[in-house]
Amino acid sequence: MAKPHQKAHETETTDDFSLTPIPDKAAKVIEAIKTRVIKTLENSESKFRTIFEQSTFGNKIIDSDLRIIKVNRALTQLLGYSAEELQGTLITAIAHPEYVNDWKELQAKLWADKNASFSIDTCILMKDQATLWCRVTSIIFEDSGATFGYTIFEDITERKNMDRIRAEVDTKKDEFISIVSHELRTPLTTIKAINQLLEKAVSKDQTYYGFIEKSNYHILRLEKLILDLVDVTKIQAGNVDLNIINFDVNAFIKACIGSLQTIHPTHEIHFKGTLPVTIMGDQFRIEQVLINLINNAVKYSPSSNKIDVRLSSAAGYVKIAVQDYGIGIAKKNLSSIFKRFYRVGEAGHHFQGLGLGLYIASEIVSKHEGTFGIESKLGEGTTIWFSLPMVQHLD
Ligand SMILES: Nc1ncnc2c1ncn2[C@@H]1O[C@H](COP(=O)(O)OP(=O)(O)O)[C@@H](O)[C@H]1O
Ligand SMILES: [Mg+2]
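Residue numbering for the sequence shown follows our numbering, starting at 31 and increasing by one per position.
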């Protein structure tokens with residue numbers, strides 16, 4: 031009797047193919063898993079609680095009605111309210127009155143649109159009624175069948191104040207540029223007219239004629255600088271009006287290169303590509319862009335004597351590229367050169383300029399719904415191109 035019993039017992043404890051012991055074993059395994067899951071949940075819940083409580087960012091949990099369920103210490107410190115004052119209150123009650131809609135938007139995005147997360151810059155009124163600018167990032171999560179929002183507050187008041195000061199300074203700077211450029215224009219026009227009279231009155235073989243020529247050159251430079259400043263003012267105010275006409279781009283480039291070649295005897299400007307194409311645009315403004323690019327190509331390639339201008343077309347656009355073999359631009363500076371008053375450090379010290387040419391050029395091109403592109407290698411040269419919508423081929 032003992033033997034079979036013993037055998038049965040043995041079978042029970044082996045890992046072999048007996049059917050009867052499995053439910054027991056499965057129950058044990060399930061129990062072990064359950065314990066682990068509960069432990070993991072408890073662990074993650076305690077981790078979550080620690081992160082929520084200890085975070086240096088203001089944290090809170092809100093429900094779908096924007097009612098504050100829980101806040102952490104950092105948030106109470108940030109806003110000056112106690113946890114008791116905040117918990118149970120609608121977040122809209124402490125929002126800045128002008129920014130209440132931001133919360134409605136956040137609510138809509140998270141709960142109605144079912145976005146997993148949403149971020150917004152908005153204003154809160156602190157307990158002392160001072161305004162706090164904050165970046166609010168919310169994610170939604172489910173708990174016991176309900177959906178809550180976990181919201182992180184980042185104090186961005188300082189950055190917002192800096193942005194405001196910067197904007198005010200920019201406005202003042204624009205006003206100053208506008209006044210100065212207009213005030214300088216009038217006397218310059220008079221000086222220019224007097225110089226032209228002198229040029230006619232003095233014969234070319236007289237010593238003074240050279241002085242007049244020199245002052246003419248500098249008057250033109252000054253005029254160009256002032257016109258750039260006037261253009262910047264116009265761009266800032268959105269007052270650049272285009273005088274749109276159809277013109278043959280091929281003939282236009284040839285004429286432009288022709289007049290620039292006489293001004294820049296140091297460089298040979300080659301034109302490659304004779305595309306018979308008409309574009310629609312403001313010829314004066316597009317000429318300004320091309321002149322800017324060629325002038326830059328000359329200015330920034332003092333040790334080379336060649337400039338290539340290429341015309342090509344693709345997908346309804348014409349592309350005009352100006353290539354030089356000069357100092358080039360470092361990769362890190364490429365994205366900045368179209369910014370207002372931006373000049374690459376090195377170039378800024380050795381070459382004269384205000385850093386406005388490419389800014390004005392890019393504004394003109396974008397007004398024509400065109401684009402700019404640049405390829406450059408330090409010490410090897412630069413290619414800057416712009417593309418404009420094409421009208422038709424003249425076959
Ligand atoms: N062809 C070029 N080669 C090298 N650097 C260039 C070239 N064109 C522009 N840059 C750089 O971009 C800056 C901005 O150009 P731009 O707006 O025309 O201003 P500016 O010529 O008055 O400095 C220049 O100061 C120069 O550093
Ligand atoms: Mg320039």
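We put the CB at the ideal spot given by N, CA and C, even for glycine.
Less than 7 Å separating the beta-carbons of residue i and residue j?
i    : j    : result
V421 : T308 : yes
N274 : M310 : Reading off the sequence shown, one finds Ile at residue 274, where the question assumed Asn. Yes, they are a contact pair.
A344 : I337 : no
I98  : L109 : no
I182 : F82  : no
L96  : L71  : no
I414 : V352 : yes
I124 : I92  : no
K134 : F148 : no
Q313 : F277 : yes
I242 : L259 : no
N280 : L305 : yes
F371 : G385 : yes
T263 : S208 : yes
W426 : S174 : Missing from the structure shown is residue 426; the chain here goes from 31 to 425 and no further.
L341 : I350 : yes
Relative to the C-alpha of residue i, which residue among the options is closest?
i    : options                   : result
D271 : N131, E114 and S396       : S396
G383 : N89, K254, S333 and K100  : K254
E184 : G175, C286, F416 and R165 : R165
Y347 : T401, I63, S289 and D193  : T401
S366 : Q226, I404 and N89        : I404
Y247 : F82, I221 and A267        : I221
S334 : C153, I124, L228 and G411 : G411
H300 : Y355, N276 and G268       : Y355
Q107 : K362, L136, L162 and K69  : L162
E317 : R66, F416 and S94         : F416
H126 : E135, T201 and Q159       : Q159
Q137 : F178, G385 and D173       : F178
I169 : K202, D143 and I357       : D143
V210 : K157, L252 and D54        : L252
Y389 : K64, N145, N322 and M156  : N322
Q226 : K244, V59 and K202        : K244
D200 : A267, I186, A113 and E399 : A267
L288 : Y239, P332, V339 and R315 : For clarity, residue 288 is Gly in the given sequence; the question names Leu instead. Ranking Y239, P332, V339 and R315 by Cα distance to G288 puts V339 first.
Q84  : K69, K202 and L105        : L105
Applying the 10 Å Cβ sphere with the 16-neighbour rule, what's the burial state of residue i?
i    : result
K230 : exposed
F368 : buried
I293 : exposed
E205 : exposed
N73  : exposed
D45  : Bear in mind that a pLDDT of 45 at D45, under 50, signals an unreliable position, so the number given afterwards is only what the model happens to contain. Burial call: exposed.
V67  : exposed
T296 : exposed
K55  : exposed
F47  : For F47, the predicted structure reports a pLDDT of 45, less than 50, and the residue's modelled location is therefore unreliable. A value from the coordinates is still provided. Result: exposed.
I429 : Because the chain here runs from 31 to 425, residue 429 falls outside it and cannot be looked at.
N269 : exposed
K90  : buried
D261 : buried
Does ligand 1 have a heavy atom nearer than 6 Å to the CB of residue i?
i    : result
R370 : no
A351 : no
L388 : yes
V374 : yes
A327 : yes
I357 : yes
Y330 : yes
I367 : yes
My assumption, with CB atoms under 8 Å, is that residue i sits in contact with residue j. Please give the rounded CB distance.
i    : j    : result
Y129 : T152 : 5 Å
L408 : A360 : 5 Å
R215 : I256 : 6 Å
K302 : F381 : Not quite, the Cβ-Cβ distance comes to about 26 Å (not below 8 Å), so this is no contact.
V319 : A391 : 4 Å
Cβ-heavy atom distance between residue i and ligand 2 below 6 Å?
i    : result
G411 : no
G383 : yes
Between residue i and ligand 3, is the CB less than 6 Å from at least one heavy atom?
i    : result
D354 : In the structure on display, ligand 3 does not appear, and the ligands it does have are ligand 1 and ligand 2.
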